[in-house]
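Asks: So the protein lines, in turn, are chains U and R. Sequential numbering of the first sequence, starting at 2, is according to our numbering. Sequential numbering of the second sequence, starting at 2, is according to our numbering. Don't be surprised by glycine CBs; every beta carbon is placed ideally from N, CA and C. A quick note: this is a predicted structure, and the numbers were derived from the prediction, not measured.
There are 2 protein chains.
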Amino acid sequence: MKTEKISELTTNRLSIYLRCLNELEASGVETVSSQAMADQFNLNSAQIRKDLAYFGEFGVRGVGYYVEELRLHLMKILGLTETRRVAIIGLGNLGMALANYQGFNQGDFEIVALFDDDPAKIGVRTRSGMEIQGAQNIGEIIESEGIEIVIIAVPATAAERVLEQVTEAGVRAVLNFAPVHLNPRPGVKVKNVDLTISLESLSYFLANPSDEALNVHYREFLRQEASNNGALG
Amino acid sequence: MKTEKISELTTNRLSIYLRCLNELEASGVETVSSQAMADQFNLNSAQIRKDLAYFGEFGVRGVGYYVEELRLHLMKILGLTETRRVAIIGLGNLGMALANYQGFNQGDFEIVALFDDDPAKIGVRTRSGMEIQGAQNIGEIIESEGIEIVIIAVPATAAERVLEQVTEAGVRAVLNFAPVHLNPRPGVKVKNVDLTISLESLSYFLANPSDEALNVHYREFLRQEASNNGALG
DNA sequence: AATTGTGAATTCCTTCACAGCC
DNA sequence: GGCTGTGAAGGAATTCACAATT
């Protein structure tokens with residue numbers, strides 16, 4: 002167990018390990034070695050061991066890791082022991098889709114509020130019956146609903162203002178879909194999902210077939226996950 | 002101009018530079034130095050210069066870069082001189098949203114076909130009037146429509162099979178929203194958008210406030226973009 | 001015998017700093 | 001004088017390889 006600063010590349014991989022362990026547990030596997038996991042899921046065994054070792058000594062030499070136990074450790078480390086309450090701001094196509102997205106609404110994240118400043122949208126309900134509220138109440142509802150994560154799905158020009166507003170209300174974690182860089186205050190984490198960059202990256206690949214950027218494994222994947230925070234947009 | 006292999010971190014940054022240049026051009030700026038761009042958009046000037054230098058000598062010493070000219074160079078490098086034709090497979094909430102998403106339908110990427118294997122969805126039209134087609138025709142329509150990029154928005158369990166199918170039809174670039182790792186054949190590029198990892202990363206941050214993972218700049222952001230390819234899921 | 005946890009080696013990426021050019 | 005392009009330095013992440021442990 003170290004005290005070093007832990008890279009976001011490492012914590013992103015924890016999510017992947019958790020997903021692997023969920024699969025293994027569903028298959029009835031009780032223990033797994035880092036090598037077996039690496040083989041099955043295209044990972045590097047030393048990296049798995051090193052990543053886990055930042056947080057404790059979870060393995061047993063000669064045996065491997067107990068699947069159920071490690072799974073619970075990872076849930077704990079990732080803060081997934083209680084459901085996180087989420088709000089979506091901006092109910093255009095993307096925001097609406099996210100509001101209905103099953104991946105969110107079953108499990109560790111629960112969408113509990115929807116906001117938009119378009120009067121035509123206020124009062125509209127999603128398929129699941131949740132009502133879109135006006136933007137003027139964001140602050141108080143975030144506090145009263147105990148919202149910890151905000152998803153920004155507004156146009157690029159409005160994103161910075163929305164970040165300001167939710168930061169003011171005490172939100173410290175933001176998932177930003179607007180294709181723009183946001184400068185969060187210290188202590189606030191913004192994670193970006195930038196579809197433009199993803200698509201242009203594919204376009205680059207098509208335009209430059211000689212760059213055999215194929216079969217990239219976790220490295221490349223997680224780098225992008227990690228950089229979806231950072232900076233500009 | 003080098004012949005080195007170019008990292009995906011570099012090409013992802015090209016997208017960001019392009020976005021900056023679009024803004025600068027819209028503001029009427031005609032030339033810009035790497036330092037000025039770095040200051041304005043939270044970048045590192047040496048990195049901008051180095052990234053650009055992989056592709057040519059676009060700058061003028063003592064002056065900087067001509068905004069319009071560099072913009073065109075980047076469009077060319079990123080393969081954005083012609084509209085890329087895109088299909089979406091899987092018209093659940095997410096797929097439907099992407100089908101209606103304005104960011105795609107104006108500009109460099111055009112959605113030209115929608116597929117789903119749910120009989121209840123076949124024949125349904127999006128807001129813009131595009132009709133969802135059955136999955137059995139994917140191969141021939143991909144070829145006849147000249148589709149170069151496929152967006153996978155099916156459940157995790159179906160994603161690998163869909164990848165196989167579109168690869169067979171000649172598609173070499175895939176944007177995968179299913180939370181699962183896909184193993185593309187050599188020469189095929191898969192870019193992942195994994196909302197689970199993004200959200201769990203925010204949850205980790207909330208659970209571990211001491212890790213001041215704040216104010217990460219391009220490094221972190223682009224790593225995640227880069228890693229959205231790689232491996233498992 | 002098998003597998004972890006980890007220092008050392010390696011590879012990859014970023015930043016510095018300056019020669020070269022406009 | 002100002003700025004690019006780039007070699008060299010520095011820093012970070014990954015992988016190797018093995019001592020420690022069950």
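Among U:148, U:20, U:12, U:139, whose alpha-carbon lies nearest the alpha-carbon of residue 72 of chain U?
Replies: Measuring from the Cα of residue 72 of chain U, the nearest candidate turns out to be U:20.
Asks: Scan the stretch 34 to 88 of chain R and note each continuous alpha helix (DSSP H) run of 4 residues or more that stays entirely inside, going in chain order.
Replies: Runs found: 35 to 42, 46 to 54, 68 to 78.
Asks: Is the beta carbon of residue 67 of chain U sitting closer than 8 Å to the one on residue 95 of chain R?
Replies: Going by C-beta atoms, residue 67 of chain U is not nearer than 8 Å to residue 95 of chain R.
Asks: Out of curiosity, what's the CA-to-CA distance linking residue 183 of chain U and residue 208 of chain U?
Replies: If you take the alpha carbons of residue 183 of chain U and residue 208 of chain U, they lie about 30 Å apart.
Asks: Shorter than 8 Å from the beta carbon of residue 110 of chain R to some beta carbon of chain U?
Replies: It does: the Cβ of residue 110 of chain R has a partner Cβ on chain U nearer than 8 Å.
Asks: Would you report the Cα separation of residue 164 of chain R and residue 37 of chain R, rounded to the nearest angstrom?
Replies: Answer to the nearest angstrom: the Cα atoms are 43 Å apart.
Asks: Please check the pair residue 174 of chain R and residue 149 of chain R, which I expect to be a contact at CB under 8 Å, by giving their CB distance rounded to whole angstroms.
Replies: Between residue 149 of chain R and residue 174 of chain R the Cβ distance is about 6 Å, and since that is below 8 Å, they are a contact.
Asks: When you compare the CB positions of residue 133 of chain R and residue 167 of chain R, do they come within less than 8 Å of one another, or not?
Replies: For residue 133 of chain R and residue 167 of chain R, no; Cβs fall outside 8 Å.
Asks: Drop a sphere of 10 angstroms on the beta-carbon of residue 156 of chain U, count the other beta-carbons inside from all chains shown, and report buried for 16 or more, exposed for fewer.
Replies: The residue is exposed, with fewer than 16 neighbouring Cβ atoms inside 10 Å.
Asks: Could you tell me which whole beta strand (DSSP E) segments of length 3 or greater appear in the stretch 103 to 182 of chain R?
Replies: DSSP runs (the beta strand (DSSP E)) wholly in the stretch 103 to 182 of chain R: 110 to 117, 133 to 135, 150 to 153, 174 to 177.
Asks: Counting pairs of beta carbons, one from the stretch 115 to 131 of chain U and one from the stretch 86 to 94 of chain U, are three or more of them closer than 8 Å?
Replies: Yes: the two stretches touch, three or more of their Cβ pairs being nearer than 8 Å.
Asks: Would you give the residue range spanned by the beta strand (DSSP E) that residue 193 of chain R belongs to?
Replies: It spans 190 to 193 - the beta strand (DSSP E) in which residue 193 of chain R sits, taken as one unbroken run.
Asks: Please state whether the Cβ-Cβ distance between residue 32 of chain R and residue 65 of chain R is less than 8 Å.
Replies: Yes.
Asks: In angstroms with no decimal places, state the Cα-to-Cα distance between residue 154 of chain R and residue 61 of chain R.
Replies: Their backbone Cα atoms lie some 45 Å apart in a straight line.
Asks: Would you kindly work out how many angstroms separate the C-alpha atoms of residue 126 of chain R and residue 54 of chain U, rounded to a whole number?
Replies: If I take the Cα positions, the gap works out to 51 Å.
Asks: By Cβ distance, which residues of its chain are closer than 8 Å to residue 128 of chain R, with the 5 residues on each side in sequence left out?
Replies: Around residue 128 of chain R: 101.
Asks: Taking the alpha helix (DSSP H) that residue 96 of chain R belongs to, which residues open and close that run?
Replies: Residue 96 of chain R -> alpha helix (DSSP H) spans 94 to 101.
Asks: Hey, would you say residue 104 of chain U sits closer than 8 Å to residue 196 of chain R, going by beta carbons?
Replies: Yes, the pair counts as a contact, with Cβ atoms nearer than the cut-off.
Asks: Less than 8 Å between the CB atoms is what I'm expecting for residue 22 of chain U and residue 75 of chain U, so what's the real figure, rounded?
Replies: So it is a contact: roughly 7 Å between Cβ atoms.
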